[in-house]
Structure formats: C-alpha cells, structure tokens
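Numbering (the numbering used here), first residue to last: 9 to 441.
Glycine included, each C-beta is placed from N, C-alpha and C at the ideal position.
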Amino acid sequence: MAGSNGGRIAPGFHDRTIETMPRPELEALQLQRLSATVDVVKARVPAFKDRLANVPTPSSLDGIRDIPFTKKSDLRDNYPFGLFAVPREEVKRVHASSGTTGKPTVVGYTAEDLTMWAQCVARCLRGAGIEPGWMLHNAYGYGLFTGGLGLHAGAEEAGISVVPVSGGNTERQLMLIEDFAPESICCTPSYALTLAEHLPKNNSLRVGVLGAEPWSELMREQIEEKLSMIAVNIYGLSEVIGPGVACETADRAGLVVMEDHFYPEIVHPETGEVLDEGEVGVLVLTSLTKQAFPILRYWTGDLCSLTREPSPCGRTHARISSIVGRSDDMIVIRGVNVYPSQVEHALLGVELAAPHFRLVVTREGTLDNLVVEVEPIDGAGSVDDIGTSLSRSVSDALRSSLGIGVAVTVAEPGSLPRSEGGKLSRVDDRRKL
Ligand code: DLL
C-alpha cells in the first residue's frame, strides 16, 4: 500500500529475530513464560490464592483455559496495589486510567517491565515505518495515562527523536508541527482529525500512529487523505501494559500482537468459551513476562477477531482486527444493539456529513431513545439550507446499517465536541441522570 506523501512507507523491525520467530519456537516460549507467570501469581498475589488454588500449572497452551478470567472489578476490589506481585519498593512507576466509578484503575511496573514496554512500543513504531532519526510529535497525554510516557519511551528505544508535546493547546501543536516539521505523529484518531481541520495537506507528516479509542476504515481514509500520511492503528490498555500490546505495520494488515509478551484469546462475550480464528468476540489477554503486575486472562471488553497467519511483512505473531466495539459500550435501542463505531461507519459514507458526531441516549418511560447529532462539512451550506436533506441522508444510512430508524439532528459546523488530545466520548448517556 502506498504512503500518500511521496513514496512507499515500508515496515521496519526493532527486533527481527523475535518478530519473525517460527511459530513452534514462539509457542514453546509462550508456554514456558505462561507456566512461570501462573506460578508467580499463585505464590505472590494473596488476593488470588483461593481463586487459583485448584488451577494446575499449564502443561500446554490450551491449559490456560482452566484459569478464571480477571475483570476490571478485580482491580477495583484490590485498589490500589493489591494485585502487585513484587514489594512496593520494586515498583518503579505507577500509571492509572480513569475509572467509570470514582477510583482509578492502578497498574505498576518494575524496571524490567518498563524496558519490555519500551521495546514493544519501539517495535510498533518501527513496524509503522518510522525510521531512527525521524522526529515524532507525541500528542498523547503525559501523566497517569499510559499514552504519552509509553510512546515516549518506545521512541527513545527505537532511536526516534521525540517531541513530548502531550495533549491540548491545539494552536501550539499546529505551530510546532509547522516549525519542527516532524515526519511522524502519535495521538488519538479523533485528535488527528482535529489537527487535520487546520493543517495544510502539504505538511511534513508521513506516518501517524493512532489509537486509544475505536476508529473505522473510513475515518482512516479521511485522515490519510487530509494529512497526506499513512495512519497506523496502535492498541493497548493500561491493565496489560499500555500502548504497544498490538499495532499495525505500515502495511495496515491487522494489528500484530507482541505475542512473546502477551497471550491473546478471543472468547464468546456471554459464555467465555474460546472462539476459532476469524470469529469476533472479546479479546482476553495474559501477560507472559510482566513482573510488578502480572495479569491472567484479562477480560478487555474489546471486540475483535484474530488470525495466526503470517503477515505480509514476515512477522509471525498473531494479528487482531481493528476493535469493532466493546462488549459494554453497547447501547440497546428497541432491542437492537448499537455500537458508536457502527454509527461512525455509517456517517462517514454520507457525502455532506462531517466525521464529528454525538449519540444522545435518553429514557422515555421504559424505552431507550437515541438521537444522533451530526454536523455538515465546512462549506456544505448553512444548516437552514441543507439541514433537512442531510438529516434524511444520515437517517437513511443509519437505517440500512443498524436496521432501525433513529432521530437525527443537524448541529452548526464546529459545534459538537472535538477531541482536545484525550479520548473523546461520543456517547452522552442521559439515562443515568
Ligand atoms: O488507551 C493505551 C493506549 C494509549 C493505546 C495510546 C493506544 C495508544 P487505557 O486508557 O487503559 O489505555 O484504555 C484502554 O482503550 O480497552 C480499548 O477499549 C481502547 N483502545 C485502546 N486502543 C484502541 C484502538 C490506552 N486502537 C482501552 N482501537 C482499551 C480501539 C482502543 N480501542
């Protein structure tokens, strides 16, 4: 696939030997590391002693299925450090992600964990086609969020010059991109679209490494077209390490899981049964080398599929599809399951609709009601002129993709919330109020 700004961006390697390791060797390594991790959790995490008492040390990779799932509630119940497997003084760093209910989810790293994490992110950046010596504008938030510091360390590990801008202050970000002329950028995809509203097409960027929130193929096309760069999907979650669990290469052929460190399974959202390759289900991840906070069969809630076919670039590690939704951000409208990503997908196919939208969910009596708020693209005309026809086109697109009719309102261009660098919540759920 051609990068749009002057030539093909080719996937590189940070650790070719590991990244192209024959699968039988990789699986032997995984089994050895899995067994060690299970033994460590049993011995050093008292909170899981009872739960794991009857779980045998796996003698094959399928043995992982005897281990119960770990859920977000386990982290909350053992807040802040109750699931750590090393003494507090060996924890060199903590991160946390905002919880939905007050207390954050806290995770910890030893010095070796931080090195491993940086190596995973370095593989992501090199695979995305970023070369040592290039500059990376890092607009992920620095702080408790894993995005900023995670990408920062990976860039340094890969020999990439990093500009630690963090999130927010879009004016300054635009100035720095113009003045420093970085070849690459990392930020959320919604923030890349915010920047694209102001940056000229002939900018210096060639590669964007975007993630931390769901985005669609159509959104990728828009970002690539508006910024004339390739846009590569990076995935991760703080509970498992942060960014760098999986990432596309410049080929954009699925997200390669760093399988020597994280063991992926796809399971049925209701039964928990392990699904076959290609089937969509919940991604469950087990850390294979983490020391401070080893995690067994973590229920990510993220829905995707998996393949173990080798990648076009020669990588042998399994690949996951883009995240198609979460098992828990699903909105049920008149019995139909609706994911924000489906709405986004439908919207991006409507000619005059901007890629900014919000889902407002209200409850009338016992019925949930969904209103989709959209904006026309700049220059499409005033809301008075085109509002009615745009809302009809969007309703039609939503009816054909969701199978139900939903109300659509058209807002003034620029009025819906934009990403300020952090994750953008597209759902305004007023049922809880
Ligand atoms: O978002 C880590 C990260 C930082 C990933 C920077 C990529 C880039 P958390 O704040 O713990 O960690 O949120 C994790 O975000 O379970 C997914 O639901 C969602 N998510 C992360 N990456 C993607 C992606 C970071 N590429 C949660 N596509 C995960 C879809 C994503 N969803």
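Name, in chain order, the residues that DSSP records as bridge partners for residue i.
i: SER105; result: THR113
i: TYR271; result: THR294
i: ILE339; result: VAL346
i: ILE331; result: According to DSSP, which records beta bridges pairwise, ILE331 is partnered with nothing at all.
i: GLY289; result: CYS312
i: VAL351; result: None; VAL351 has no bridge partner.
i: ASP376; result: ARG371
i: VAL282; result: VAL275
Compute the distance between the beta-carbons of residue i and residue j, then report whether it is under 8 Å.
i: CYS194; j: VAL217; result: yes
i: GLY158; j: PRO251; result: yes
i: ALA300; j: ALA239; result: no
i: LYS111; j: TYR87; result: yes
i: SER335; j: PRO277; result: yes
i: ALA354; j: SER397; result: no
i: ALA130; j: LYS100; result: no
i: ALA220; j: GLY155; result: yes
i: HIS103; j: LEU152; result: yes
i: PRO140; j: GLY167; result: yes
i: ASP268; j: LEU37; result: yes
i: PRO66; j: VAL46; result: yes
i: GLU285; j: ARG316; result: yes
i: GLY244; j: GLY430; result: no
i: SER349; j: PRO197; result: no
i: PHE89; j: VAL63; result: no
i: LYS50; j: LEU60; result: yes
i: VAL288; j: CYS312; result: yes
i: TRP142; j: SER192; result: yes
i: LEU378; j: VAL332; result: no
i: LEU207; j: LEU182; result: yes
i: VAL435; j: VAL369; result: yes
i: THR279; j: VAL290; result: no
i: ARG214; j: ILE17; result: yes
i: PRO272; j: LEU226; result: no
i: VAL351; j: LEU406; result: yes
i: VAL170; j: GLU164; result: yes
i: ASN146; j: HIS160; result: yes
Over what stretch of residues does the alpha helix (DSSP H) that includes residue i continue unbroken?
i: THR78; result: First-last for THR78: undefined, no H or E at that position.
i: ARG366; result: Looking at the DSSP string, ARG366 is not in any alpha helix (DSSP H); the run it does join, the beta strand (DSSP E), is 361-372.
i: GLU256; result: Note, GLU256: premise wrong, no alpha helix (DSSP H); beta strand (DSSP E) at 250-256.
i: ILE17; result: Taken as a continuous stretch (DSSP letters only), ILE17 belongs to no alpha helix (DSSP H), as it is neither H nor E.
i: ASP47; result: 31-52
i: VAL99; result: From DSSP, VAL99 is part of no alpha helix (DSSP H); its letter is neither H nor E.
i: LEU235; result: 225-235
i: LEU60; result: 57-60
Residue i lies in the beta strand (DSSP E); which residues open and close that run?
i: GLY238; result: Contrary to the premise, residue 238 reads as Ile rather than Gly in this sequence. Segment 238-245, the beta strand (DSSP E) holding ILE238.
i: LEU218; result: 215-219
i: THR25; result: It is not in any beta strand (DSSP E) - THR25 instead sits in the alpha helix (DSSP H) that spans 24-27.
i: VAL264; result: 263-265
i: LEU311; result: 306-312
i: VAL435; result: 435-437
Is the segment 383-396 close to the segment 323-330, with three or more CB pairs under 8 Å? Between the segment 383-396 and the segment 323-330, the count of Cβ pairs shorter than 8 Å is below three; the stretches do not touch.
Between the segment 17-35 and the segment 304-323, are three or more C-beta pairs nearer than 8 Å? Touching, per the Cβ criterion.
When you compare the segment 75-82 with the segment 286-305, are there three or more beta-carbon pairs, one atom per stretch, that lie closer than 8 Å? These segments touch.
Would you mind listing the beta strand (DSSP E) stretches within the segment 135-210 that are 3+ residues and don't spill past its ends, in chain order? At a cut-off of 3 residues, the continuous stretches assigned as beta strand (DSSP E) that sit fully inside the segment 135-210 are 143-146, 169-171 and 192-195.
My parser needs the alpha helix (DSSP H) runs of 4 or more residues fully inside the segment 381-429; what are they? Counting whole runs of 4 or more residues, the segment 381-429 contains the alpha helix (DSSP H) stretches 391-410.
The segment 110-126 contacting the segment 241-257, beta-carbon criterion three pairs below 8 Å: The segment 110-126 makes contact with the segment 241-257, as at least three CB pairs between them are under 8 Å.
Determine contact between the segment 395-414 and the segment 352-369, defined as no fewer than three beta-carbon pairs at a distance below 8 Å. Because the criterion of three Cβ pairs below 8 Å is met, the segment 395-414 and the segment 352-369 touch.
Specify whether the segment 364-371 and the segment 419-427 touch according to this definition: at least 3 beta carbon pairs, one from each stretch, less than 8 Å apart. Output reads yes: the segment 419-427 touches the segment 364-371.
Is it the case that the segment 127-138 contacts the segment 263-279, given that we only count it when at least three CB pairs across the two stretches are under 8 Å? Short answer: they touch.
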